[in-house]
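Have a look at the structure below before the remarks.
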Amino acid sequence: MATSNTYTFNPSLGEFVINAFSRCGVRRTEITAQHMEDARFEANLLMSDWAGDGINLWEVTNASINLSQGQTTWQPQSNIVFLLDVYITVNAIDRLIMPISRSDYAAIANKYQQGYPTSYWFDRLQTPTVYLWPVPDQDNTYTLTYWFMRQAQDSVLAGGTQIDVPWYYLDAFAWGLAARLAYIYAPDKVQVLQPRAQESWLRALQVGSENVPMKISPQLRSYFR
Amino acid sequence: MSLTYTTYVAQISNIMAVSSATTQFQTMLPGMIDYAEQRIYREIDLLQTVIVNNSANCTTDVRTFSLPTNLGTFITVQGINIATPVGTPIDNGQRVILQPVAREYIDAVWNSNINTGTPKVFAMLDQFTIILGPWPNNNYQVEVIGTIRPTPLSATNTTTFLTTYLPDLFVAASMIFASGYQRDFGSQADNPQQSASWELQYEKLFASANAEELRKKFSGLGWTSYSNMPSSAVR
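Listed in order, the protein sequences are those of chains C and S.
Counting in this note's numbering, the first sequence runs from 1 upward without gaps.
Counting in this note's numbering, the second sequence runs from 1 upward without gaps.
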């Protein structure tokens, strides 16, 4: 049996655009500058939409900062979408610190109390800010490491640029882009393309998750809104 | 029966009941041939008019490519291939089939020569020029497949594909033009039905010639090169 033995299939956004328009019934020789701009725009919106539908593992990364005594806040990268796991390292020993809500944080009487930080509040501003509590004291040198899901990279047409999506999500991207373009250029095909896009997305999600046991344990405490 | 230039002229002269020796006939003759040939070549996509020309190379960092004309001027481009690796004759290397796209696509995706590579797509820029995307990173050999207009029938080019294989259609098309020459188009003419009659005759011949041409391309109604076949009741 002769197989390719290559693993290079990685289409550019331009190729996805051609494919999406084909699914909409628009021939590649009919594409105009307006088609291209709408496709670029919709591709970026699609990535934005996916960010709100769970953790995209390929967009998860981490960063570390050194904390100074009395430091109440720190600002993660501006392209952060979800703050996932945060831990403090002291003398090569890691300890998770836990998220609290805005109400939790507001309820803390002394927000400047110093000690070993044990919790944080992620204030999702346009420029995200994280509040620590207790704030670092002078007893140790604290290093904070945080795992986060970043925003997807821009989808760019120029230069035959590829999209920021792993191989097992390519089909979902193709259907998703086609469905979005159908709303503009082939409304009669939306009924066909939209369910197919959703189906493909759900299938991709099955691959795009960590295959580990999930443990659920009740934690009895007050809740906030 | 196939025709030559001489027998074609004689036959037309005979049908028109006009001497081919007259100055008026000789003046009309090239126009009649041109009308018949151009109409048939436009209306039937004859395989005979398809040529392959791989005599030219594209130029590194230049996205435009002028269609070669040494074998005839391309009227329609049906396909373009690139030979890789560069420097390898196209039959010894790998053909990269370029996909036709809109010019706007190339302008958006391959908008500058910063990202060069082996071309993947092409777009018609004008009748004689295409643009490639990505911009070529080498002087690849380019193979162009498309249709041309064959050399017209004349005293020096005494046979064409039309006179050899479609003489009936060629004569019918010629007679439509000739009817105009004889002023037989209007109600006050001697034979106002003549042009309409030849037009009708041409259309019938055209339909059969076109069906045969489609069969040559395995594009007939039977999806084969055979005549129309009865369809099976059970697929």
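All residues carry an ideal CB built from backbone N, CA and C; glycine is no exception.
Keep in mind it's a predicted model, so treat the numbers as computed, not measured.
Output, in chain order, the set of chain C residues within a Cβ distance shorter than 9 Å of residue i.
i, result
"GLN99 (chain S)", "ILE18, ARG28"
"PRO134 (chain S)", "GLY159, GLY160"
If you count every other CB in all the chains shown that lies within 10 Å of the CB of residue i, and 16 or more means buried, which is it?
i, result
"GLY208 (chain C)", "buried"
"ALA110 (chain S)", "Here the sequence assigns Trp to residue 110 (chain S), which means Ala is not the residue at that position. Buried."
"ASP91 (chain S)", "exposed"
"GLN75 (chain C)", "exposed"
"ARG235 (chain S)", "Model confidence at ARG235 (chain S) stands at a pLDDT of 45, short of 50, so the residue's coordinates are unreliable; what they give is reported in the following sentence. When all chains shown are included, ARG235 (chain S) counts as exposed."
"ILE97 (chain S)", "exposed"
"PRO119 (chain S)", "buried"
"ALA21 (chain S)", "exposed"
"TYR169 (chain C)", "buried"
"ARG63 (chain S)", "buried"
"MET1 (chain C)", "exposed"
"GLN191 (chain C)", "exposed"
"LEU220 (chain C)", "exposed"
"VAL212 (chain C)", "exposed"
"SER12 (chain C)", "buried"
"GLY52 (chain C)", "exposed"
"PRO187 (chain C)", "exposed"
"SER200 (chain C)", "buried"
"SER19 (chain S)", "exposed"
"PRO117 (chain C)", "buried"
"SER179 (chain S)", "buried"
"ASN110 (chain C)", "exposed"
"PHE9 (chain C)", "exposed"
"PRO134 (chain S)", "buried"
"GLY54 (chain C)", "exposed"
"MET214 (chain C)", "exposed"
So, are the CB atoms of residue i and residue j less than 8 Å apart?
i, j, result
"LEU177 (chain C)", "ALA39 (chain C)", "yes"
"ALA158 (chain C)", "CYS24 (chain C)", "no"
"THR60 (chain S)", "ASN137 (chain S)", "yes"
"PHE218 (chain S)", "SER225 (chain S)", "yes"
"MET32 (chain S)", "SER154 (chain S)", "no"
"LEU193 (chain C)", "ALA179 (chain C)", "yes"
"MET36 (chain C)", "VAL81 (chain C)", "no"
"THR4 (chain S)", "THR159 (chain S)", "yes"
"TRP167 (chain C)", "ARG196 (chain C)", "no"
"ILE145 (chain S)", "THR49 (chain S)", "no"
"LEU84 (chain C)", "PHE122 (chain C)", "no"
"THR127 (chain C)", "SER48 (chain C)", "no"
"LEU125 (chain S)", "ARG103 (chain S)", "yes"
"SER195 (chain S)", "PHE128 (chain S)", "no"
"ILE18 (chain C)", "VAL101 (chain S)", "yes"
"VAL135 (chain C)", "GLN71 (chain C)", "yes"
I'd like the span of the beta strand (DSSP E) that includes residue i, first residue to last.
i, result
"PRO166 (chain C)", "From DSSP, PRO166 (chain C) is part of no beta strand (DSSP E); its letter is neither H nor E."
"GLN141 (chain S)", "141-148"
"SER68 (chain C)", "Segment: none, SER68 (chain C) is in no beta strand (DSSP E) and carries neither H nor E."
"GLY133 (chain S)", "129-133"
"ARG23 (chain C)", "Counting along the chain, ARG23 (chain C) falls outside any beta strand (DSSP E), though it belongs to the alpha helix (DSSP H) covering 13-23."
Which chain S residues are close to residue i, counting only those with a beta carbon under 8 Å from its beta carbon?
i, result
"THR32 (chain C)", "ALA102, GLU104"
"SER12 (chain C)", "VAL109"
Below 8 Å on the Cβ atoms is my contact criterion, and I expect residue i with residue j to pass it. Report the Cβ-Cβ distance as a whole number of Å.
i, j, result
"TYR142 (chain C)", "ILE88 (chain C)", "5 Å"
"GLY72 (chain S)", "ILE51 (chain S)", "6 Å"
"ILE176 (chain S)", "GLU199 (chain S)", "5 Å"
"ASN44 (chain C)", "SER155 (chain C)", "5 Å"
"ASP137 (chain C)", "GLN69 (chain C)", "6 Å"
"GLU59 (chain C)", "ALA152 (chain C)", "6 Å"
"GLN201 (chain S)", "ALA172 (chain S)", "5 Å"
"SER13 (chain S)", "PRO167 (chain S)", "Contact flag wrong, Cβ pair sits at about 15 Å."
"ILE97 (chain C)", "VAL86 (chain C)", "5 Å"
"TYR146 (chain C)", "ASN62 (chain C)", "6 Å"
"ARG36 (chain S)", "PHE170 (chain S)", "For the sequence presented, residue 36 (chain S) should be read as Ala rather than Arg. Contact flag correct, Cβ pair sits at about 6 Å."
"TYR140 (chain S)", "ILE82 (chain S)", "5 Å"
Strictly below 9 Å CB to CB, what residues from chain S border residue i?
i, result
"ALA158 (chain C)", "ALA108, VAL109, TRP110, ASN111, SER112, ILE114, ASN115"
List the residues of chain S that residue i touches, going by C-beta distances under 7 Å, in chain order.
i, result
"MET36 (chain C)", "GLU104, TYR105, ALA108"
Closer than 7 Å to a non-hydrogen atom of the ligand FMN - does that hold for the CB of residue i?
i, result
"GLU203 (chain S)", "No copy of the ligand FMN occurs in the structure displayed, which carries no ligand at all."
What span of residues does the alpha helix (DSSP H) with residue i cover, start to end?
i, result
"ARG95 (chain C)", "It is not in any alpha helix (DSSP H) - ARG95 (chain C) instead sits in the beta strand (DSSP E) that spans 93-100."
"THR163 (chain S)", "161-165"
"PHE41 (chain C)", "33-51"
"PHE25 (chain S)", "23-43"
"TRP175 (chain C)", "170-185"
"ILE80 (chain C)", "First-last for ILE80 (chain C): 80-90, but that is the beta strand (DSSP E), not the alpha helix (DSSP H)."
"ASP154 (chain C)", "Where ASP154 (chain C) is concerned, there is no enclosing alpha helix (DSSP H), given that its DSSP letter is neither H nor E."
"ILE15 (chain S)", "5-16"
"LEU214 (chain S)", "193-216"
"ILE216 (chain C)", "No alpha helix (DSSP H) holds ILE216 (chain C); DSSP gives it neither H nor E."
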